[in-house]
Amino acid sequence: MNYEDELISKIAWLYYIDKLKQQTIADRLGISRMRVVRMIDKAQQQNIIQFKIRRDLQTKISIEQDLIKKYKLQDAMVVPTSTSTKIEDINTNVATAASMYLDDRLDDINILNIGYGDTPIKTINKLTNLSDKVINFVTLTGGVSLYLLDQYTLMKNVNFYLIPAPLIASTNEMVRALKKEKSVIEISKMNSNASYTIVGIGGMNDEATIINNGIINKNEFNLLKMKGSVGDILSHFLDTDGNIISCDLYENLISISMNEFKKLQKVIGVAAGKAKRDAIRAALRGGYIDILITDQDTAEWLNLNV
0 MNYEDELISK
10 IAWLYYIDKL
20 KQQTIADRLG
30 ISRMRVVRMI
40 DKAQQQNIIQ
50 FKIRRDLQTK
60 ISIEQDLIKK
70 YKLQDAMVVP
80 TSTSTKIEDI
90 NTNVATAASM
100 YLDDRLDDIN
110 ILNIGYGDTP
120 IKTINKLTNL
130 SDKVINFVTL
140 TGGVSLYLLD
150 QYTLMKNVNF
160 YLIPAPLIAS
170 TNEMVRALKK
180 EKSVIEISKM
190 NSNASYTIVG
200 IGGMNDEATI
210 INNGIINKNE
220 FNLLKMKGSV
230 GDILSHFLDT
240 DGNIISCDLY
250 ENLISISMNE
260 FKKLQKVIGV
270 AAGKAKRDAI
280 RAALRGGYID
290 ILITDQDTAE
300 WLNLNV
């Protein structure tokens, strides 16, 4: 082994194994930091250093990359599938991952849009406990009670801007009047300036938020299923290809329109579980989601059933 090969090997060991900083290595060996940088590059080029990704992480990354390519996403994050069959446990796992994903990407001051639903609400609860950044949460729909948070979130650097209206108004005239209110107009402007948007994706099963919270009754729910609905985003119902299904409900719905929704940047869909697979796929096919955070079993199914 010649001198340079020996030097490369020594520097590679000090940098990758002993975790020393480049300047520390330079001082120890009596050479310049720039030479250390060049030797580290050569160590990679000459395969002196070989990187291996742990098998379980390799599988996870492969699944995520397949999702990104097949559904033209900006990003995807896959969490291990919960051994629990309880939907609240599955949602908690996804919400935990989503909160960490967001905290890693937020600036010191942020505007985040939120949709109603168990997983989005869990996400922002966890995010406000995890992060010390200033976060302004802005709702995408009416329905104040749907966005109720744990009390401790109010102690953080968090502001909530809620549309002061029900999700479903009693008349279309009321909807038109509310949309002219200054507070509603201001929230709409904030929506368009958000750095991220967090939404759940509802399935057409008995545990759906729209049923549990009385947004629609069981007869209306069954009629939507008969029309071909496989799920919803913000009470806008989708067929299997992601098309919006016609519904009288929309006339009285106080929500961002899906045309405006599609203009939002970095929309994160947080949803998982077997009961939501068709709904998640519909949302992806319709182009409503930019970033998906879900569980591994769901992600694998989505990749096999594009």
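The numbering of the sequence shown is numbering that gives the first Met the number 0, which starts it at 0 and goes up by one. Note that CB positions come from ideal geometry on N, CA and C, so glycine has one too.
Between the Cα of residue 239 and those of 76, 228, 45, 296, spot the shortest distance and give me the residue it belongs to. Here the closest residue by C-alpha is 228.
Could you compute how far the alpha carbon of residue 151 sits from the alpha carbon of residue 138? Residue placement at residue 151 is flagged as unreliable, the pLDDT there being 47, under the threshold of 50; a coordinate-derived value is accordingly withheld.
Give the straight-line distance between the Cα atoms of residue 85 and residue 205, rounded to the nearest whole angstrom. When rounded, the distance between both Cα atoms is 13 Å.
Under 7 Å Cβ to Cβ from residue 284, same chain only, skipping five residues before and after it: list those, please. 240, 241.
Using only alpha-carbon positions, find the residue among 66, 87, 71 that is nearest to residue 77. Of 66, 87, 71, the residue nearest in Cα terms is 66.
Over what stretch of residues does the beta strand (DSSP E) that includes residue 267 continue unbroken? Run containing residue 267: 266-269, per the beta strand (DSSP E) assignment.
Straight-line gap, residue 106 to residue 3 (C-alpha atoms, nearest Å): If you draw a straight line from the Cα of residue 106 to the Cα of residue 3, it is about 44 Å long.
Does DSSP put residue 274 in a helix, a strand or coil? Secondary structure of residue 274 (DSSP, three-state): helix.
From residue 41 to residue 260, what does the alpha carbon distance come to, in whole angstroms? Going from the Cα of residue 41 to the Cα of residue 260 covers about 48 Å.
Bounding residues of the beta strand (DSSP E) (the contiguous stretch that carries residue 108): Taken as a continuous stretch (DSSP letters only), the beta strand (DSSP E) holding residue 108 covers 108-113.
Taking 9 Å as the cut-off, decide whether the C-beta atoms of residue 157 and residue 270 are in contact. Not in contact: residue 157 and residue 270 (Cβ atoms no closer than 9 Å).
Within this structure, are the beta carbons of residue 296 and residue 80 separated by less than 9 Å? Going by C-beta atoms, residue 296 is nearer than 9 Å to residue 80.
Looking only at its chain, what residues have a beta carbon closer than 6 Å to the beta carbon of residue 73, apart from the 5 residues adjacent to it on each side? Same-chain partners within the cutoff: 289, 290.
Sorted by chain position, which residues of the same chain lie with C-beta nearer than 8 Å to residue 87's C-beta, five sequence neighbours on each side aside? The residues are 117.
Measuring CA to CA, which of 171, 114, 247, 298 is closest to residue 220? Among 171, 114, 247, 298, the Cα nearest to that of residue 220 belongs to 247.
Are there three or more Cβ pairs, one per stretch, closer than 8 Å when the segment 4-15 is compared with the segment 30-45? Result yes; three or more Cβ-Cβ pairs closer than 8 Å.
Among 48, 44, 33, nearest to residue 9 - alpha-carbon criterion: The shortest C-alpha separation from residue 9 is found at 48.
Counting along the chain, where does the alpha helix (DSSP H) carrying residue 296 start and finish? From DSSP, the alpha helix (DSSP H) with residue 296 extends over 295-303.
Could you pull out every residue in the same chain whose Cβ sits closer than 6 Å to the Cβ of residue 202, ignoring the five residues on either side in sequence? The residues are 230, 274, 275, 278.
Would you decide whether residue 266 is buried or exposed? Buried here means 16 or more other CB atoms lie within 10 Å of its CB. Answer is buried; the Cβ neighbour count reaches 16.
Helix, strand or coil for residue 244, going by three-state DSSP, please let me know. Collapsing the DSSP output to three states places residue 244 in coil.
In whole angstroms, what separates the C-alpha of residue 298 from that of residue 98? Near 19 Å, if we compare the C-alpha coordinates of residue 98 and residue 298.
Buried or exposed: which applies to residue 130, given that a residue is buried once 16 or more other Cβ atoms fall within 10 Å of its Cβ? Classification for residue 130: buried.
Cβ neighbour criterion (16 or more within 10 Å) applied to residue 294: Its Cβ being crowded by 16 or more others within 10 Å, residue 294 is buried.
Would you grab the beta carbon distance between residue 136 and residue 113 for me? Rounded to a whole angstrom, and I think it's under 8 Å. At roughly 5 Å, the Cβ-Cβ gap stays under 8 Å, so residue 136 and residue 113 are in contact.
Three-state class that DSSP yields for residue 146 in the structure shown: Three-state DSSP puts residue 146 in a helix.
In terms of residues, what are the limits of the alpha helix (DSSP H) holding residue 183? Note, residue 183: alpha helix (DSSP H), 181-191.
So residue 255 and residue 223 are in contact, right, with Cβ under 8 Å, and what is the actual spacing, rounded? In this structure, residue 255 and residue 223 do not form a Cβ contact; the two beta carbons are roughly 20 Å apart against a cut-off of 8 Å.
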